[in-house]
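Here the structure comes first, spelled out in structure tokens, and everything after it is commentary.
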Amino acid sequence: METAITPPADRRFAVSLFSRLRTAKGQANPFPIYAELRARGGVVAAPWGGHLVTGFDLCDQILRSRDWLEPDAAWRERQGSGTRWTAPSSREMSRTLPALNPPDHTLVRRSAGMFDRASLDALRGTVGRITGRLLDSLAERLHDGEADFNALVSEELPVATIGHWLGLPAADFPRLRELTHDQVFTQELLPSASQLALSDAATAELRAYFTDLVRERRARPGHDPVSRWIAVWDTLESDRDKADRAVYFLALFVLLAALETTSTLLSTTTLLMLEHRRQWDCLALRPDLVPAAVEESLRYDAPTHVISRVASRDRVVGGVEVRRDEMVHLMVGAANRDPARHEDAELFNLHRKPAHLAFSGGIHYCLGAPLARMEAQILLHQLVGRFPRLTLVRRPSWAPRVAFRRLLNLDVALS
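Converting from the sequence shown to the numbering used here requires adding 1 to each position, the first position being numbered 1.
Structure, rendered in structure tokens:
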């Protein structure tokens, strides 16, 4: 039974915390700040309203519960005009799969039908070849000195993989990658007006791009996912314009989901392995530990540090009252290092039993998780095999974000 209600914690503490998270020091290592947040209790008042949740078990329960909803289009409209939630980019995102609630979510997710074992097996060889070519370029650069692994490999592999899968021209990859980096601002916790403007412009350009793509595939269908989605939605929706709009939102979602977070996963995994040299050397001798290395990287520093949900009814969470329609921010970056869940949580250890919330949970568990894992595992296998003497030249810089981690560089050399 839900029991005692405690008053919200001091919001001034949370204001200070998020100010520190946005500094270069906070971005490089937010985890001591998360530990301070956890010490204030499992549920802490957020600076802008709502609550921050830090414990692993509580975050996991909320993600798995049908009582907690995505901030969908209807919820965003209720926040009123002039808020970040009614910005054009936010409205557009509210119609993509991650922001839908049942029954719409159920229908769209079933229509997507992607990244099962067969489709992954079909992609595996392609990902291996792309990875090999990118590491060839890395080898050439390393021959002359240091190289930016982030720019040469991590930023290139996800867009080349998803671009190949969707059948997009390779010439479009650089611009799509740039647009994705700008678009993600609307999904951050507290985007500034200038960041929202960037996101709005990027979203408009992406809408035009994928609307044209759907129109082209309808006129000349092929054996690609977009053509398949058109065929599926023609059986689900009698209005062709509505069917094409549904396919457009699927294509937009797939691109955005496949690029930003996967790129961060690839760079972060490489960074962590290079920082923990004994683990890197162990991997060279035990390549069977590659999957464990990827999972531990996802736990230790996930690409996404915050996932938000909305209460479907008044309730008490961790002793704190949460009203219907009020938002909770699940600090999964903190939860993944919760000492109540993981022994020696601050230790990077390839031999621990994997348990993390990097791909969310419940009905919204990341649809692209199998592909992201496959890309990271193939890259790490090839990287350790080809460059056993790879070393980190300097600590990387990070983009000033809280929810979505992003390395700006990863400079490496051969020792």
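All C-beta atoms in this analysis are idealised placements derived from N, C-alpha and C, irrespective of residue type, glycine included.
Keep in mind it's a predicted model, so treat the numbers as computed, not measured.
Does the beta-carbon of residue i have 16 or more other beta-carbons within 10 angstroms, so that it is buried, or is it exposed?
{"i": "Arg-402", "result": "buried"}
{"i": "Thr-7", "result": "In this prediction, Thr-7 has a pLDDT of 43, which is less than 50 and means its spatial position is unreliable; what the coordinates show is noted afterwards. So Thr-7 ends up on the exposed side."}
{"i": "His-365", "result": "buried"}
{"i": "Asn-337", "result": "buried"}
{"i": "Gly-133", "result": "exposed"}
{"i": "Ser-126", "result": "The sequence shown places Gly at residue 126, not Ser. With fewer than 16 Cβ atoms within 10 Å of its Cβ, Gly-126 is classed as exposed."}
{"i": "Thr-181", "result": "buried"}
{"i": "Asn-30", "result": "exposed"}
{"i": "Leu-286", "result": "exposed"}
{"i": "Val-16", "result": "exposed"}
{"i": "Ala-232", "result": "exposed"}
{"i": "Ser-416", "result": "exposed"}
{"i": "Glu-71", "result": "buried"}
{"i": "Gly-56", "result": "buried"}
{"i": "Asp-201", "result": "buried"}
So, with DSSP's three-state summary, where would you put residue i?
{"i": "Ala-356", "result": "coil"}
{"i": "Ala-113", "result": "helix"}
{"i": "Ala-414", "result": "strand"}
{"i": "Phe-32", "result": "helix"}
{"i": "Thr-127", "result": "helix"}
{"i": "Leu-70", "result": "strand"}
{"i": "Phe-349", "result": "coil"}
{"i": "Leu-408", "result": "strand"}
{"i": "Asp-58", "result": "helix"}
{"i": "Ala-88", "result": "coil"}
{"i": "Thr-305", "result": "strand"}
Just to confirm the assignment, what range does the beta strand (DSSP E) spanning residue i have?
{"i": "Met-332", "result": "Taken as a continuous stretch (DSSP letters only), Met-332 belongs to no beta strand (DSSP E), as it is neither H nor E."}
{"i": "Arg-316", "result": "316-318"}
{"i": "Glu-1", "result": "This structure does not reach residue 1, given that the chain is present from 2 up to 416, and the question cannot be answered."}
{"i": "Ser-309", "result": "308-312"}
For residue i, which beta-bridge partners are listed by DSSP?
{"i": "Gly-46", "result": "Correcting the residue identity first, residue 46 is Ala in this sequence and not Gly. DSSP, once it has assigned bridges, lists His-52 as partnering Ala-46."}
{"i": "Thr-392", "result": "Ala-414"}
{"i": "Asp-149", "result": "Asp-412"}
{"i": "Thr-187", "result": "Thr-187 is not bridged to any residue."}
{"i": "Met-375", "result": "Per DSSP, none; premise fails for Met-375."}
{"i": "Trp-399", "result": "Leu-408"}
Contact check, residue i vs residue j under 8 angstroms by CB: the rounded distance?
{"i": "Trp-86", "j": "Arg-77", "result": "4 angstroms"}
{"i": "Val-44", "j": "Val-318", "result": "6 angstroms"}
{"i": "Ala-404", "j": "Val-255", "result": "The pair is not a contact, with the Cβ atoms about 20 angstroms apart (cut-off 8 angstroms)."}
{"i": "Ala-203", "j": "Gln-184", "result": "4 angstroms"}
{"i": "Ser-155", "j": "Ser-264", "result": "5 angstroms"}
{"i": "Leu-384", "j": "Thr-271", "result": "7 angstroms"}
{"i": "Leu-145", "j": "Leu-411", "result": "Before going further, note that residue 145 is Asp rather than Leu in the sequence given. Not quite, the Cβ-Cβ distance comes to about 17 angstroms (not below 8 angstroms), so this is no contact."}
{"i": "Gly-369", "j": "Arg-65", "result": "Actually they are not in contact, since the Cβ atoms of Gly-369 and Arg-65 sit about 19 angstroms apart, beyond 8 angstroms."}
Let's see if you can read the secondary structure: which residues bound the alpha helix (DSSP H) around residue i?
{"i": "Arg-96", "result": "First-last for Arg-96: undefined, no H or E at that position."}
{"i": "Leu-421", "result": "This structure gives no information on residue 421, because the portion of the chain shown stretches from 2 to 416."}
{"i": "Thr-265", "result": "241-276"}
{"i": "Gly-164", "result": "157-167"}
{"i": "Asp-201", "result": "194-220"}
{"i": "Ser-228", "result": "226-237"}
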